[in-house]
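Protein chains in written order, with the numbering used here: chain C, 69 to 383; chain G, 3 to 332.
Note that CB positions come from ideal geometry on N, CA and C, so glycine has one too.
Take a look at the structure below.
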Amino acid sequence: MADTAHSGTPARPGPMGRMSDLLWRRPGLLILLLILPPALWLGVIYLGALFALLAQSFFSIDPFSGLISYELTLSTYGELFRASNMDIILRTVAMAASVTAAAAIIGFPVAYYAARYARGRWKALFYLGVMLPLWSSYLVKVYSWKLILAKEGILSWLFETLHLTWLLEAYLSLPVVGGNSLSVSWTGTFLVFLYVWLPFMILPIQAALERVPRSMLEASGDLGARPAQTFRHVLLPLALPGVVAGSIFTFSLTLGDYIIPQIVGTSARMIGQAVYQFQGTAGNIPLAAAFAVVPILIMGVYLYVARRMGAFDAL
Amino acid sequence: MTTAVAFRKVSRHYGPVRAVDAVNLEVAEGEFFAMLGPSGSGKTTCLRLIAGFEKPTAGEIEIFGKPSATVPPYRRPVNTVFQDYALFPHLNVRDNVAYGLMIAGMGKAERHAAADAALEMVAMPGYAERKPSALSGGQRQRVALARALVNKPKVLLLDEPLGALDLKLREQMQVELKGLQRQLGITFVFVTHDQGEALSMADRVAVFSEGRIQQVGRPEDIYDRPETPFVADFVGSSNVLPPEMVARLTGRKAHASLRPEAVHLQSEGGLEARVTGQAFLGAVTRLTLDVAGTPLSALLQKGQPVPATGDSVRIGWDEDALHLMERGNG
Chain C
69 MADTAHSGTP ARPGPMGRMS DLLWRRPGLL ILLLILPPAL WLGVIYLGAL
119 FALLAQSFFS IDPFSGLISY ELTLSTYGEL FRASNMDIIL RTVAMAASVT
169 AAAAIIGFPV AYYAARYARG RWKALFYLGV MLPLWSSYLV KVYSWKLILA
219 KEGILSWLFE TLHLTWLLEA YLSLPVVGGN SLSVSWTGTF LVFLYVWLPF
269 MILPIQAALE RVPRSMLEAS GDLGARPAQT FRHVLLPLAL PGVVAGSIFT
319 FSLTLGDYII PQIVGTSARM IGQAVYQFQG TAGNIPLAAA FAVVPILIMG
369 VYLYVARRMG AFDAL
Chain G
3 MTTAVAFRKV SRHYGPVRAV DAVNLEVAEG EFFAMLGPSG SGKTTCLRLI
53 AGFEKPTAGE IEIFGKPSAT VPPYRRPVNT VFQDYALFPH LNVRDNVAYG
103 LMIAGMGKAE RHAAADAALE MVAMPGYAER KPSALSGGQR QRVALARALV
153 NKPKVLLLDE PLGALDLKLR EQMQVELKGL QRQLGITFVF VTHDQGEALS
203 MADRVAVFSE GRIQQVGRPE DIYDRPETPF VADFVGSSNV LPPEMVARLT
253 GRKAHASLRP EAVHLQSEGG LEARVTGQAF LGAVTRLTLD VAGTPLSALL
303 QKGQPVPATG DSVRIGWDED ALHLMERGNG
């Protein structure tokens, strides 16, 4: 066009060329085009659904007709505080907390080894080992654990072979963690949760540890700190954002899961199962919604406390 | 005089690579000792061997007369200033400096007072509450220095501590470091690849090349009387004359070093040379010459006429400027 006179090369022909020129002149437009689809998806569909859920929790169900009454009320949240519902919440939080703690304890050394010592082929092997379980179907993994933990399963066979059946029996006779067999005990639920979510703990810790330069640990030793002190005063604080990131995964995934406790575990329900049943068979959408808000609140409190305790200071 | 650090035939090999190869070395107490060499010459590995981050493949390192083979870094009476400073990002400046004292079990009020005093010493008071990320490179360097010195080490190890600073700051820190060392009387072992830095600060310099020590001596000795062509070339880019040429000049067949500043132009006599280039360096101009196939450089003081490239000139030097290196190639 007319302004080719100003530029060294002629304007590129065709609509694509003009488009490129336009985007080059207005980089903001390109960013807008890139960000718009995911923003729509996240904003409208995801946040919208979340908002609809939140709104539902402020309605209540008419006890006689079983119909939803669309008047704003806090009575549904009040129901959460009934003893049986509180049990569900406390049970789920206890499970999520113990799974998270165990995953951090098991995951840290693995991540530490991978970040500090593994090189080349060993590193590839580490990633493969950690990621491989994520490639197979979640249901397959859970059912195979049921086979491992069942009364006639691999684990009880192993105990029998080692003449340790009495040990397993003694453990199963313990209150709370025990049961008829491992596959119908809280221990079983815990083990499956731990297995399924462990990669989500290891990978963020490993990423955090990778960012800690070797000289930082050497400096601590140089200043007189024994390895245990270096761990406590330098390595752990620097890895803490990774641990917190991992624990967000393990904690929230455990809080919301409704399949694992259904397949492996006792008949006592967890939050996810309660949501599933209230919105399905029971048709009590408001209570299901109120239950679904609980993990969101817990995670909010968790992140707030983590921040106050300085978990993100090293970021 | 007490020996602070002694290397007895110390080697450190990584597979086939001999990072440090049978090094013998003695650093006296209270000395400012520089390890000078190009990257990969083994000087930093030597420093890490003293700190205990590396273990020697062979040989023994003694620190104040005690063998150190079984002593872990956290029990050695040495502290290090790291090249990247290695300040703890999650602690503020005061807690960084007080870290060693905290580990040693000193109470909070006491160690904070000591840290503040150390920050004062490195001219960084008022920065105690900041995080390292809020400091400039030069400020971090000072904090790292304070963090090491507050523990009153017997030997302070410095790994290219001035490498990341700009020229002006570097020159200022050179003066301050030297003053600090005098004032505290602590043994400093200083690793650098900058020959000017080593010569201006150190009491003695060890020149490293390919895992071996080429020469140890006072800066003047290293500069004026290099023992190997490597030292002559690396320290102050001296001219190295080949044995054939030296044989023609002196009758003795050996490498010889010739300081560029000792070479002058003259109207008659001396050697004939062709000018191959000039570089203006401020106070002086560096003239590159070709003497019968041997490259040579000369420094001309400001105000002297500078010949053009391709000109034929005659050069000479003071009698004692030519230094023979009988040790050969090292």
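Same chain, Cβ closer than 6 Å to residue i, five either side skipped, listed in chain order
i: residue 44(G); result: 21, 22, 210 and 213
i: residue 172(G); result: 164
i: residue 27(G); result: 9
i: residue 78(G); result: 54
i: residue 62(G); result: 10 and 69
i: residue 326(G); result: 256 and 258
i: residue 193(G); result: 37, 45, 46, 49, 161 and 162
i: residue 374(C); result: 312
i: residue 168(C); result: 315, 318 and 319
Per-residue DSSP class, three states only, for residue i
i: residue 316(G); result: strand
i: residue 76(G); result: helix
i: residue 102(G); result: helix
i: residue 5(G); result: strand
i: residue 85(G); result: coil
i: residue 127(G); result: coil
i: residue 128(C); result: strand
i: residue 73(C); result: With a pLDDT of only 48 at residue 73(C), under 50, the local geometry of the prediction cannot be trusted, and the value read off the model is given with reservation. Of the three classes helix, strand and coil, the one that applies to residue 73(C) here is helix, per DSSP.
i: residue 228(G); result: coil
i: residue 243(C); result: coil
i: residue 322(G); result: helix
i: residue 108(G); result: coil
i: residue 68(G); result: strand
i: residue 142(C); result: coil
i: residue 63(G); result: strand
i: residue 241(G); result: strand
i: residue 193(G); result: strand
i: residue 132(G); result: coil
i: residue 150(C); result: coil
Proximity below 9 Å, CB of residue i to CB of residue j
i: residue 35(G); j: residue 191(G); result: yes
i: residue 275(G); j: residue 314(G); result: yes
i: residue 264(C); j: residue 209(C); result: yes
i: residue 137(C); j: residue 149(C); result: no
i: residue 253(C); j: residue 333(C); result: yes
i: residue 236(G); j: residue 38(G); result: yes
i: residue 297(G); j: residue 287(G); result: no
i: residue 233(G); j: residue 221(G); result: no
i: residue 276(C); j: residue 245(C); result: no
i: residue 6(G); j: residue 156(G); result: yes
i: residue 219(G); j: residue 227(G); result: yes
i: residue 178(G); j: residue 125(G); result: yes
i: residue 342(C); j: residue 153(C); result: yes
i: residue 328(C); j: residue 261(C); result: yes
i: residue 137(G); j: residue 130(G); result: no
i: residue 149(G); j: residue 81(G); result: yes
i: residue 283(G); j: residue 317(G); result: no
i: residue 265(G); j: residue 310(G); result: no
i: residue 186(G); j: residue 175(G); result: no
First and last residue of the uninterrupted beta strand (DSSP E) at residue i
i: residue 125(C); result: Per DSSP, residue 125(C) belongs to no beta strand (DSSP E); it is in the alpha helix (DSSP H), 116 to 125.
i: residue 268(G); result: 265 to 268
i: residue 161(G); result: 157 to 161
i: residue 349(C); result: Element bounds for residue 349(C): n/a, residue is neither H nor E.
i: residue 334(G); result: Since the first residue shown for chain G is 3 and the last is 332, residue 334(G) is missing from the structure and cannot be characterised.
i: residue 214(G); result: 214 to 219
i: residue 209(G); result: 206 to 211
Close-in-space but distant-in-sequence residues of the same chain around residue i (CB under 7 Å, 5 per side omitted)
i: residue 328(G); result: 256
i: residue 352(C); result: 129 and 346
i: residue 247(G); result: 296
i: residue 254(G); result: 248 and 326
Boundaries (first-last residue) of the alpha helix (DSSP H) holding residue i
i: residue 103(C); result: 95 to 108
i: residue 394(C); result: Because chain C in this structure spans residues 69 to 383, residue 394(C) falls outside the shown range and cannot be described.
i: residue 248(G); result: 245 to 252
i: residue 144(G); result: 139 to 151
i: residue 337(C); result: No alpha helix (DSSP H) contains residue 337(C), which DSSP labels as neither H nor E.
i: residue 184(G); result: 169 to 186
8 Å Cβ shell around residue i - same chain, five flanking residues per side excluded
i: residue 82(C); result: none
Contiguous alpha helix (DSSP H) assignments of at least 4 residues, all confined to the stretch 184 to 235 of chain C: 188 to 203, 206 to 217 and 222 to 229
In the stretch 275 to 307 of chain G, which residue ranges form an unbroken beta strand (DSSP E) of at least 3 residues, counting only runs that do not cross its ends? 286 to 293 and 296 to 303
For the stretch 16 to 60 of chain G, list the beta strand (DSSP E) runs that are entirely contained and at least 3 residues long, ordered along the chain. 19 to 30 and 34 to 38
Please specify which runs of the alpha helix (DSSP H), each continuous and at least 4 residues long, are wholly inside the stretch 253 to 328 of chain C, giving them in chain order. 254 to 278, 282 to 290, 295 to 298 and 304 to 324
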